[in-house]
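What follows is a set of notes on a single structure, which appears directly below.
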Amino acid sequence: WCQDTSQSGRHSHRNASAEVSDYFSFLSILQSAAGTDCEINIDDCASKPCANGLCSDLVNDYSCSCFTGWEGRNCSVDTDYCLSGPCQNGGVCSDGNSTFSCDCSRVDFQGATCSSKIDDCASSPCQHGGRCTDGVRSFTCDCTDTGFTGDRCQNNIDDCASNPCSHNATCVDGLRDFSCSCFSGYSGKNCSDDEQDCSPNPCQFGGACLERSNQALYGNSPLPAPFNGSFSYALAAGSVCLCPHGTYGDNCSINPNDCLDPATNRSVCAHASNCTDGLASFTCHCLPGYEGPTCSADINECERFGQPCQNGAVCKDLVADYACTGCPADFGGKNCSVRLTGCDSSPCHVNATCEPLLLQEVPSPAHGYRCTCKPGWSGPQCNETTLASFNGMSSFRANFTTTADCTFELSFRTSLAHFDLVRLSSHWGDIRVGAYDSSLVLLFGNASLSVIGRVAWPISDSLASANWLTLSVSLTNGSAKLSRSESGVSKMPEAQLVDGLSDSFKPNSRMSVRVGGESGSGIDGGGFRGCVRDLRLVTNVSKLVATVTTAESSNATWGVCSRSVQCGSPSPCEAKTSSMCSDVWNDFVCHCAADFGGRRCSVELPSFSLGVGGSVSSAIFASAAGVSSVYGGNSWTIELRLLTLSRGAFLLLLGDPSDSATTPRLLATIDHSGRLSALVLHGNGSLIAVLTSSDSVATGSFVSVKISVSISGRSLSLSVSSSVRSASLSSASPLPQLSGQLIIGGFSGLRAAPAPSPDSTDRGASRTKRSADVSLSRVASAAGNVTAFRGSLRSIKVNGDTPLILVAGSDGFEGLTGAVVASESTEIVPGIFNNTVCEEFRPCRNGATCSNGLYYSYHCCSPWLNCIDTTGCLNFSCVCHPGYSGEDCSVDHPDCSSNPCGADSFCLERSIEALYSNASSLAPFNGSFSYSKAAGFECVRMMAPTETAASSEAVA
1 WCQDTSQSGR HSHRNASAEV SDYFSFLSIL QSAAGTDCEI NIDDCASKPC ANGLCSDLVN
61 DYSCSCFTGW EGRNCSVDTD YCLSGPCQNG GVCSDGNSTF SCDCSRVDFQ GATCSSKIDD
121 CASSPCQHGG RCTDGVRSFT CDCTDTGFTG DRCQNNIDDC ASNPCSHNAT CVDGLRDFSC
181 SCFSGYSGKN CSDDEQDCSP NPCQFGGACL ERSNQALYGN SPLPAPFNGS FSYALAAGSV
241 CLCPHGTYGD NCSINPNDCL DPATNRSVCA HASNCTDGLA SFTCHCLPGY EGPTCSADIN
301 ECERFGQPCQ NGAVCKDLVA DYACTGCPAD FGGKNCSVRL TGCDSSPCHV NATCEPLLLQ
361 EVPSPAHGYR CTCKPGWSGP QCNETTLASF NGMSSFRANF TTTADCTFEL SFRTSLAHFD
421 LVRLSSHWGD IRVGAYDSSL VLLFGNASLS VIGRVAWPIS DSLASANWLT LSVSLTNGSA
481 KLSRSESGVS KMPEAQLVDG LSDSFKPNSR MSVRVGGESG SGIDGGGFRG CVRDLRLVTN
541 VSKLVATVTT AESSNATWGV CSRSVQCGSP SPCEAKTSSM CSDVWNDFVC HCAADFGGRR
601 CSVELPSFSL GVGGSVSSAI FASAAGVSSV YGGNSWTIEL RLLTLSRGAF LLLLGDPSDS
661 ATTPRLLATI DHSGRLSALV LHGNGSLIAV LTSSDSVATG SFVSVKISVS ISGRSLSLSV
721 SSSVRSASLS SASPLPQLSG QLIIGGFSGL RAAPAPSPDS TDRGASRTKR SADVSLSRVA
781 SAAGNVTAFR GSLRSIKVNG DTPLILVAGS DGFEGLTGAV VASESTEIVP GIFNNTVCEE
841 FRPCRNGATC SNGLYYSYHC CSPWLNCIDT TGCLNFSCVC HPGYSGEDCS VDHPDCSSNP
901 CGADSFCLER SIEALYSNAS SLAPFNGSFS YSKAAGFECV RMMAPTETAA SSEAVA
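With UniProt numbering, letter number 778 in the sequence shown gets 778, and the count goes up by one each step, no holes.
Set out below in structure tokens:
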């Protein structure tokens, strides 16, 4: 048999006899199972050979599948798991049923096979940073430098146990450390440092410093608190100052100001002397001229210097000086000891006062003089005249150049109420001065000639007395001042001309000054008549004066200013035909009554008739520059007297007549109710302002009319028969000047005025609706809206006393000096044309017979024309039919007003034209109306309700 030697190691512990026995048993079974013929397969597992496993039959054999923990052919051998040595690191192995176990209790390892090392420090058993050392089933803590002790470093070490803090400080234990809570005044780790409160010494003015921490000072009663008591660490911080006399405070810092008197709180030193404060003392530093502890003593220099004044002069004590008063005129110097010789040679002109000057007294006297010029003179010797006379057309011009701020000055005298005086021009603009309505007007214009500043002063009193007036204008700040030269004191308030004038009005270049000038160039369009003197530009360092040698003269008379009273007694003006005489320097102007003109108001002003025979009359003054204002006030006044019955008529136009006009226009018309309207229009025809008379001017008698307009003053005034109305010319932008033509009566495109209808004189026609955009083209083209004027005009004046002659080329008006003749005229008849009123105006009403009258001067017309005592009127008389009355037979007698028919009848007046031509009516109403039968009435009885129609007809 064959033995399996691979199991010898495992079964080496079994004895050989057992193995032999098994062999023979196996052989016996094999033999018995073969059978006789070996045809039967013997179940080799039938004997259950596998003790601890499952048997599998084979051919003549079997096999055993052992359960866990058993081995061998028959699974009868128990497996020993410890044989392989599974326990490590000295662990003890114990074999078990199908397994093993390791005992690690004696080694520093753990796990099933004792393979994992045990770290006793893994749980950080050492506290407060102690270092852990691992042992065999144990650990050790090293507490070095942690401040703690114990097997786990859990106990804190008390660092205050040794009492390390000084000066009674409180110790606070820390980690491996301590801290000391020091009392104030001590410092350091252990509070051992006593702070030096007296170094540096805080006590001012030399005060002694005592430290509170110096225990040796305590218990000393003469010392202040706290040293007069017991020492306490709580009060040991800081110091106490022992202050010197005159100071107090914690640090002796308060030194009362001994320079101030506590009673008055003023300096103890007099006369504004400086004072130095000391400790409980003061020192006064006296100004020159004073002495004493408080500088209260005034030094009398006259006495100290032994009365130094000579030649009768009296010494007057001054502050730190003296002056000699009452010094004779020919002596000077500090002590009036030097005779002045500067005027001995009479260097000044006769028109000046010479003042001798002492230019230098030491080391040797130097003499000079000063000439003080009288008004109207200038120059070093006052021998250059600044006085000039003007005749209305003369002028002079002076040029100045200065780079400094300056003031413009001049003096003048005149008796004119309207004049242009002076114009100062430069690149920044100009200043113009003149008079308008007895007020001095000063205008400032910029470089584009727009007026940006204006001021006016009333000067009527000075004009009446021809006093000298002085005007001063600052070219630096824009202020202006007017004063009387005689007193030099302004009686009129100073005025600001332009705000911020210095920004746009710097006199830093050449300036030109023109005094006087030709008519039409200034504020009122009139030249200056009178005198001017002392025109100059004054700076802080110089004075530039216009004189006869420096000015460019144009017919001005230099060096004289003479005149005589012009309007004395007797007056040069005709007493009956003038209202006032105006003194215009060396001439006079007579202000004439309404119908008179000429130099002395001795010439009766002409009258003109327009629209005669149904014509269109027109007078055109192509340019009214000679009688208009073209700058500044830009004021127009037109006066006339008109006689008309026309309604809806054009009267006059002042301005540019073209549709492309850009300047304002003044338009005067008579509306359909007979009232006069004055309109100021923009160039495009839009309305600026309008005024309408309260009463009709179409009365058939002369009516006085005055229209005034001022563009710069923005005002419009209308006067009709002394009833005055006014309006403001409101406009968002500055208005241009009125310019162009003056047209009176009519113009091309207007219809002739028709003869009035029989009832036009009292039938209230609807008023013309004034539109804001009226223009001349629309007026001319609107048929029936406005017609040419028809009537008479007389006493036509412009801007005061300038007569207008409506007939072009007229030369037959002798004595009317200054009259302006129309440049063109059409269909204008001189004089008042004696129109037949009856045919021309048909004034009689209700079929009356009209009889013409005549034109009478100084005659009062019929009440129908609302006439007053005037210079003329149109006259007529009306013969009325019965039943009518009144001057024009317009009054229908109220025949039924007294109820003559009784209570049971109607009263019908025969004058009611609407009742006629009714065939069913009773006579006379069943026929035609006739004025000759219009007087009286008819009674118509009222029918009762029970009456038949037949009875009604019978009654009728």
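C-beta: ideal position from N, C-alpha, C; glycine also.
Bear in mind the structure is a predicted one, so any value in this text is a computation, not a measurement.
task: Kindly list the residues whose CB is nearer than 7 Å to the CB of Asp-43, restricted to its own chain and excluding five residues on each side of it in sequence; keep chain order.
output: Taking the first residue of the sequence shown as position 1, residue 43 is located at position 43. If we look at Asp-43 and ignore the five residues flanking it on each side, its Cβ neighbours are Asp-57.
- request: Would you check if the distance between the CB atom of Gly-207 and the CB atom of Cys-243 is smaller than 7 Å?
  value: Sequence index remark: in the sequence shown, residue 207 carries index 207 (1-based). Sequence index remark: in the sequence shown, residue 243 carries index 243 (1-based). In contact: Gly-207 and Cys-243 (Cβ atoms closer than 7 Å).
message: Could you compute how far the alpha carbon of Gln-310 sits from the alpha carbon of Asn-335?
response: Translated into the one-based positions of the sequence shown, residue 310 becomes position 310. Translated into the one-based positions of the sequence shown, residue 335 becomes position 335. Each residue's alpha carbon lies about 6 Å from the other.
task: Determine, using beta carbons only, whether Ser-617 and Ile-828 come nearer to each other than 7 Å.
output: Taking the first residue of the sequence shown as position 1, residue 617 is located at position 617. Taking the first residue of the sequence shown as position 1, residue 828 is located at position 828. Inclusion of Ser-617 and Ile-828 in the CB contact set at 7 Å is warranted, their separation being smaller than that value.
- request: Leaving aside the five residues before and after residue 972 along the sequence, list all residues of the same chain whose C-beta is less than 6 Å from its C-beta, in chain order.
  value: The structure shown has nothing for residue 972, since the chain only spans 1 to 956.
- prompt: Apart from the five residues just before and just after Cys-252, which ones in its own chain have a Cβ nearer than 6 Å to its Cβ?
  reply: Taking the first residue of the sequence shown as position 1, residue 252 is located at position 252. These residues qualify, in order along the chain: Cys-203, Gln-204, Phe-205, Gly-207, Cys-241, Cys-243.
- prompt: Taking the DSSP output, what are the residues bridged to Gly-453?
  reply: The residue given as residue 453 occupies position 453 in the sequence shown. Beta-bridge pairing links Gly-453 to Phe-444.
task: Can you tell me which of the three DSSP states Ser-465 falls into?
output: Here residue 465 is taken as the residue at index 465 of the sequence shown, counted from 1. In the structure shown, Ser-465 sits in a helix (DSSP, three-state: H, G or I).
Distance, Leu-440 Cα to Arg-529 Cα: In the sequence shown, counting from the first residue as 1, residue 529 sits at position 529. In the sequence shown, counting from the first residue as 1, residue 440 sits at position 440. The straight-line gap separating the alpha-carbon atoms of Arg-529 and Leu-440 is approximately 14 Å.
Cutoff 8 Å; reference Ser-296; Cβ partners in own chain excluding five residues on either side: The residue you call residue 296 lines up with position 296 of the sequence shown. Closer than 8 Å at Cβ, skipping near neighbours: Ala-270, His-271, Tyr-290.
- prompt: CB Thr-386 to CB Val-545, shorter than 7 Å?
  reply: Against the sequence shown, residue 386 aligns to sequence position 386. Against the sequence shown, residue 545 aligns to sequence position 545. In this structure, the beta-carbon distance from Thr-386 to Val-545 falls below 7 Å.
task: Specify, as a first and last residue, the run of the beta strand (DSSP E) that Arg-304 falls within.
output: Position 304 of the sequence shown, counting from 1, holds the residue named residue 304. Unbroken run through Arg-304 is the alpha helix (DSSP H), 301-304; no beta strand (DSSP E).
query: Which first and last residues belong to the beta strand (DSSP E) in which Met-511 is found?
result: Reading the sequence shown from its first residue, position 511 is the one you call residue 511. In the DSSP annotation of this structure, the continuous segment of the beta strand (DSSP E) that includes Met-511 starts and ends at 510-516.
query: Does the beta carbon of Asn-899 come closer than 7 Å to any beta carbon on chain D?
result: Of the protein chains in this structure there is only one, and it is not chain D.
task: Determine the direct distance from the alpha carbon of Leu-816 to that of Trp-585, and round the result to whole angstroms.
output: Residue 585 sits at position 585 when you count from the first residue of the sequence shown. Residue 816 sits at position 816 when you count from the first residue of the sequence shown. Each residue's Cα considered, the two are about 21 Å apart.
task: Can you have a look at Ser-723 and say buried or exposed, based on whether 16 or more other CB atoms are within 10 angstroms of its CB?
output: The residue you call residue 723 lines up with position 723 of the sequence shown. Ser-723 should be labelled exposed.
- prompt: Does DSSP put Tyr-218 in a helix, a strand or coil?
  reply: Taking the sequence shown and counting its residues from 1, the one referred to as residue 218 is at position 218. Taken through DSSP and simplified to helix, strand or coil, Tyr-218 comes out as coil.
Backbone secondary structure at Asp-103 - three-state DSSP: Against the sequence shown, residue 103 aligns to sequence position 103. Strand at Asp-103.
Nearest-angstrom Cβ-Cβ length linking Ser-578 and Cys-561, presumed shorter than 8 Å: The residue given as residue 578 occupies position 578 in the sequence shown. The residue given as residue 561 occupies position 561 in the sequence shown. At roughly 29 Å, the Cβ-Cβ gap does not stay under 8 Å, so Ser-578 and Cys-561 are not in contact.
message: With H, G and I counted as helix, E and B as strand and the rest as coil, what does DSSP make of Tyr-916?
response: For this step, residue 916 is matched to residue 916 along the sequence shown. Tyr-916 falls in the coil class under three-state DSSP.
Where residue 957 sits in the DSSP three-state scheme: Shown here, the chain extends from 1 to 956; a query on residue 957 therefore has no answer.
query: What does a CB cutoff of less than 8 Å around Thr-113 pick up in its chain, not counting 5 residues either side in sequence?
result: Start at 1 with the first residue of the sequence shown, and residue 113 comes out as number 113. Pro-86, Cys-87, Gln-88, Gly-91, Cys-102.
query: In chain order, what residues of the same chain lie with their CB nearer than 6 Å to the CB of Thr-353, ignoring the 5 residues before and after it?
result: Reading the sequence shown from its first residue, position 353 is the one you call residue 353. Cβ contact annotation for Thr-353 (same chain, cutoff 6 Å, sequence separation greater than five): Thr-372, in chain order.
task: With Arg-941 as the anchor, note down where its beta strand (DSSP E) starts and where it stops.
output: In the sequence shown, counting from the first residue as 1, residue 941 sits at position 941. Counting along the chain, the beta strand (DSSP E) containing Arg-941 begins and ends at 937-941.
- prompt: Looking at the structure shown, is Val-612 part of a helix, part of a strand, or coil, going by DSSP?
  reply: Within the sequence shown, residue 612 is the residue found at index 612, counting from 1. It is helical.
- prompt: Does DSSP put Lys-576 in a helix, in a strand, or in coil?
  reply: Residue mapping note: residue 576 aligns to position 576 of the sequence shown, counting from 1. Note: Lys-576 maps to coil in three-state DSSP.
Ala-161, DSSP secondary structure in three states: Start at 1 with the first residue of the sequence shown, and residue 161 comes out as number 161. DSSP, reduced to helix, strand and coil, places Ala-161 within a helical segment of the structure shown.
- request: Might you give, ordered along the chain, the residues of its own chain that have their beta carbon closer than 8 Å to the beta carbon of Gly-517, omitting 5 neighbours on each side?
  value: Taking the first residue of the sequence shown as position 1, residue 517 is located at position 517. Excluding residues within five positions, the ones whose Cβ falls inside 8 Å are Ser-395, Asp-420, Arg-423, Gly-527, Phe-528.
- request: Compare the beta carbon distance of Ala-466 and Ser-415 with 7 Å and say whether it is the shorter of the two.
  value: As a working note, residue 466 is residue 466 in the sequence shown. As a working note, residue 415 is residue 415 in the sequence shown. Result yes, Cβ atoms of Ala-466 and Ser-415 sit closer than 7 Å.
- prompt: Anyone know if the C-beta pair for Val-136 and Asp-119 falls short of 7 Å?
  reply: Mapped onto the sequence shown, residue 136 falls at position 136. Mapped onto the sequence shown, residue 119 falls at position 119. Against a cut-off of 7 Å, the Cβ pair of Asp-119 and Val-136 comes out as no contact.
- request: Evaluate the contact criterion for the segment 547-554 versus the segment 564-582: three or more CB pairs, one atom per stretch, below 8 Å.
  value: Counting Cβ pairs under 8 Å, fewer than three are found: no touch.
message: Need the endpoints of the beta strand (DSSP E) that Pro-803 sits in, please.
response: In the sequence shown, residue 803 corresponds to position 803, counting from 1. For Pro-803, the enclosing beta strand (DSSP E) has its first and last residue at 802-805.
- prompt: So Trp-636 is in the beta strand (DSSP E); what residue range does that whole segment cover?
  reply: Taking the first residue of the sequence shown as 1, we reach residue 636 at position 636. Residues 635-644.
message: What does the alpha-carbon distance come out to for the pair Leu-223 and Cys-198?
response: The residue given as residue 223 occupies position 223 in the sequence shown. The residue given as residue 198 occupies position 198 in the sequence shown. Each residue's alpha carbon lies about 17 Å from the other.
field: Ranges of the beta strand (DSSP E) found wholly within the segment 222-291, counting only runs of at least 3
entry: The qualifying runs are 239-242, 274-277, 282-285.
message: Just to confirm the assignment, what range does the beta strand (DSSP E) spanning Ala-366 have?
response: Position 366 of the sequence shown, counted from the first residue, corresponds to residue 366. Unbroken beta strand (DSSP E) run through Ala-366: 366-373.
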